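Residue numbers (our numbering): 4 to 75. This report refers to the structure that appears directly beneath it.
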């Protein structure tokens with residue numbers, strides 16, 4: 004994505020485009036390991052999109068919200 008796009012817009016796009024796919028995968032009986040891999044992919048994509056350094060974490064305890072936390 005372009006550097007001119009704001010972080011809020013990027014997160015909004017993830018919420019409307021990617022998370023519905025996860026919901027559909029969970030309801031169709033897809034294997035749990037694949038769902039976990041998709042969640043990891045989303046987290047790493049967000050880190051790359053938002054340019055978060057590898058020491059910082061993207062927490063995803065609940066898929067409905069994205070929380071960013073920096074390590075001290």
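Where is the CB? At the ideal position from N, CA and C, for every residue including glycine. Keep in mind that this is a model prediction, so the values were computed, not measured.
How would you write the range of the alpha helix (DSSP H) that residue i sits in, first residue to last?
| i | result |
| --- | --- |
| residue 20 | 10-20 |
| residue 41 | 35-52 |
Just to confirm, are residue i and residue j a CB contact at a threshold of 8 Å?
| i | j | result |
| --- | --- | --- |
| residue 17 | residue 45 | yes |
| residue 22 | residue 52 | no |
Buried or exposed: which applies to residue i, given that a residue is buried once 16 or more other Cβ atoms fall within 10 Å of its Cβ?
| i | result |
| --- | --- |
| residue 24 | exposed |
| residue 20 | exposed |
Is any heavy atom of the ligand COA found at a distance shorter than 7 Å from the C-beta of residue i?
| i | result |
| --- | --- |
| residue 13 | For the structure depicted, the ligand COA is absent and the ligand set is empty, with no information on it obtainable. |
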